[in-house]
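The next block holds one structure in the form of structure tokens; read it before the comments.
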Amino acid sequence: MLEGVGTEIAASFPGITRLGGQIVAALYLADGPRSMDELSEELGRSKSNIFTNLKALDAAGIVERRRSAGMRHDMFALRGPYPDVIIGAYITRLRRVVGDYRSLTERALKLLGDARAPEAESLRGRLRELHRKYELFAKLFALFGPEIDGPLDLEAVFSAVPRAILQRFASMARSAIGARGEMQAPADPKSRQRR
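Just so you know, the sequence shown maps onto residues 151 to 345 in the working numbering.
Below is the structure:
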């Protein structure tokens, strides 16, 4: 069972291996925190493999290290309830990626400078469009609250939003995506500002 769950988690979260997914599943099913030795024995993998994956899961904000007074070994647990911890990690990663790409487009535009060749003008236009999109994504993240740094209970979020608002938002999203599930061509950004 842990193998299948591990594969699913790894497939849905970039940078997490199948073993990392198995560790998440093992910690979810555990009655409490687990030591590296316990995880190694339970999953039949070397302690070095377990350690490497625990470090990656810790860096992703999914797992935390705990040490109780008098204990010789660190214990590991999910940073919060499952699947909230995975959802929070996804959103944190997406926010980081958007910020990184926004910075990358800014640097690329600075490097391009005032170059006037036709290729430079074309590239500048594409970079400005990318930057506009990353700015929009960053504003949406800011609109929905402070940076998420941990588990996110989507059930609680959606329960707090009146049903009519959720239905209206879903209707607008379906309309923007289109009947066939394809995104419609975006309107001219200037026309959006006039609305």
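Note that CB positions come from ideal geometry on N, CA and C, so glycine has one too.
Quick caveat: nothing in here was measured; it's all calculated off a predicted structure.
Residues bridged to residue i (per DSSP)
| i | result |
| --- | --- |
| A227 | E214 |
| R184 | F226 |
For residue j and residue i, the rounded distance between their alpha carbons
| i | j | result |
| --- | --- | --- |
| S341 | E279 | Confidence at S341 is low in this model, with a pLDDT of 49, below 50, so the placement of that residue should be treated as unreliable; the coordinate-derived value is given next. Roughly 15 Å separates the two Cα atoms. |
| I327 | R222 | 54 Å |
| G230 | G182 | 12 Å |
| S185 | D303 | 27 Å |
| G170 | P301 | 18 Å |
| R345 | G263 | A caution first: R345 carries a pLDDT of 44, below 50, which makes its placement in the model too unreliable to give a value. |
| K260 | D250 | 15 Å |
| T322 | F163 | Note that residue 322 corresponds to Met in the displayed sequence, not to Thr. Distance between the alpha carbons of M322 and F163: 28 Å. |
| V247 | S309 | 28 Å |
| D234 | R276 | 36 Å |
| R168 | V213 | 15 Å |
| F319 | I236 | 24 Å |
| A306 | F294 | 14 Å |
| A285 | L193 | In the sequence under discussion, the amino acid at residue 285 is Glu, which differs from the Ala named in the question. Looking at the two C-alpha atoms, the distance is approximately 43 Å. |
| L204 | A265 | 47 Å |
| R195 | L254 | 39 Å |
| T324 | Q317 | One detail in the question is off: residue 324 reads as Arg in this sequence, not Thr. About 10 Å. |
| A210 | Y232 | 14 Å |
| E153 | P312 | 39 Å |
| R257 | A267 | 19 Å |
| D224 | R252 | 38 Å |
| H281 | L179 | 43 Å |
| V155 | D208 | 19 Å |
Nearest-angstrom Cβ-Cβ length linking residue i and residue j, presumed shorter than 8 Å
| i | j | result |
| --- | --- | --- |
| G165 | A206 | 6 Å |
| G238 | I315 | The Cβ separation is near 23 Å, so there is no contact. |
- Task: Would you check if the region 208 to 219 and the region 282 to 293 touch, i.e. whether three or more CB-CB distances between them fall below 8 Å?
- Result: no
- Message: Tell me whether the region 242 to 249 and the region 178 to 194 touch, counting them as touching only if at least three CB pairs, one residue from each stretch, are closer than 8 Å.
- Response: no
- Do the region 270 to 277 and the region 192 to 207 touch if we need at least three Cβ pairs shorter than 8 Å? no
- Item | the region 169 to 180 in contact with the region 151 to 161 per 3-pair CB rule at 8 Å | yes
- Message: Which runs of the alpha helix (DSSP H) at least 4 residues long sit entirely within the region 228 to 302? Give them in chain order.
- Response: 234 to 262, 268 to 293
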